[in-house]
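For the sequence shown, the working numbering begins at 128 and goes up steadily by one.
Ideal Cβ positions, reconstructed from N, Cα and C, are used throughout, including at glycine.
What follows is a short report on a single structure.
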Amino acid sequence: MSDELVVSQCAPTLAGLKTANMFSAEYESREEVTAELRRLNAVLVPRGLRIVPMRYMQSRVLLYLYRPEALRRDLADSAAQDILRECGYGKCSRAESCLSCLIGRLRNNADFPHEVGLFLGYPPEDVRGFIENRASGFKLIGCWKVYGDVDAARKKFESFESCTHRSRGKALDEIIQ
């Protein structure tokens with residue numbers, strides 16, 4: 128996978144505006160993915176970012192690029208903890224164990240785990256609204272479906288879009304904050 132793909136799919140996370148992004152990439156072998164992730168993590172980890180494989184499909188891999196510190200903060204929120212507990216995560220005391228549980232759910236369950244929004248930095252009230260309303264009845268749609276604070280979400284969507292636009296054609300190192 129190219130740095131260009133990572134930048135185009137993850138600019139807001141790379142720039143420090145968002146907790147995480149999830150995207151898929153084509154691959155020929157798992158060894159290729161492992162080598163690419165090792166190369167990317169050599170650049171990302173010293174700067175407070177990480178990329179991990181979430182799920183392998185026939186010729187694509189679902190990847191998760193995230194800021195571990197931001198994920199810890201997001202998942203420590205009591206509303207996020209309540210949702211995770213209701214979704215079967217038990218008491219997640221560590222973000223890493225919650226992430227491992229999510230990876231297991233993505234790989235082993237037929238149903239998509241909609242709590243994934245918590246791992247992408249979406250507000251817990253929007254994640255809960257999405258789950259409880261089965262993706263309908265939202266107030267606004269952008270990077271996610273909004274059930275709570277429309278003004279705050281709109282500002283975030285605009286900042287993410289602006290960041291993605293400004294990042295086009297830039298090298299990975301130029302964007303990371």
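Residue i, enclosing alpha helix (DSSP H) - first and last residue
i      : result
ILE258 : 251-259
GLY231 : 222-235
GLU285 : 277-294
ARG157 : 157-171
ARG212 : 205-213
PHE239 : First-last for PHE239: undefined, no H or E at that position.
Extent of the continuous beta strand (DSSP E) to which residue i belongs
i      : result
GLU153 : 147-153
ARG187 : 187-193
VAL179 : 177-183
Distance CB(residue i)-CB(residue j) smaller than 9 Å
i      : j      : result
LEU226 : LEU189 : no
TYR103 : ASN148 : This structure cannot speak to residue 103, because the chain is shown only from 128 to 304.
GLU242 : TYR216 : yes
MET128 : GLU155 : no
Same chain, Cβ closer than 7 Å to residue i, neighbours up to 5 away in sequence not counted
i      : result
TRP271 : GLY244, TYR249 and ASP253
Supposed close pair residue i, residue j - CB separation, criterion 8 Å
i      : j      : result
ILE114 : LEU176 : Residue 114 lies beyond the residue range present for the chain, which begins at 128 and ends at 304; the question has no answer from this structure.
THR146 : ASP201 : 5 Å
SER294 : ALA138 : 4 Å
Beta bridge counterpart(s) of residue i as assigned by DSSP
i      : result
SER266 : The sequence shown places Lys at residue 266, not Ser. Answer is none; LYS266 lacks a bridge partner.
VAL273 : LEU267
Own chain partners of residue i with C-beta closer than 6 Å, once the 5 adjacent residues on each side are dropped
i      : result
CYS214 : GLU242
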